[in-house]
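For the sequence shown, our numbering assigns the number 838 to the initial residue and increments by one for each residue that follows.
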Amino acid sequence: MTHPADRLREEVAYIAYHFHWACADILGLPHGERRAWVREIARINVASADGGW
838 MTHPADRLRE
848 EVAYIAYHFH
858 WACADILGLP
868 HGERRAWVRE
878 IARINVASAD
888 GGW
């Protein structure tokens, strides 16, 4: 099973936007680790919006 290209692009853009990591570095991450970073960024965003960051 492959990861849909549009979803991969969204993940890369999300991580790059928030952490300013290079595209090649993000693409080099295993899928599970990349998804973990997406979840962590989302958690930070929610905490920040709630005033808890």
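Ideal Cβ positions, reconstructed from N, Cα and C, are used throughout, including at glycine.
query	result
Relative to the C-alpha of H840, which candidate in A886, E877, G869 and I852 has its C-alpha closest?	G869
Going by alpha carbons, who is nearest to H855 out of G889, R844, E877 and L845?	E877
Could you pull out every residue in the same chain whose Cβ sits closer than 8 Å to the Cβ of E848, ignoring the five residues on either side in sequence?	I863, R871, R872 and V875
Among I852, P867 and G865, whose alpha-carbon lies nearest the alpha-carbon of N806?	Nothing in the structure corresponds to residue 806, since the chain is present only between 838 and 890.
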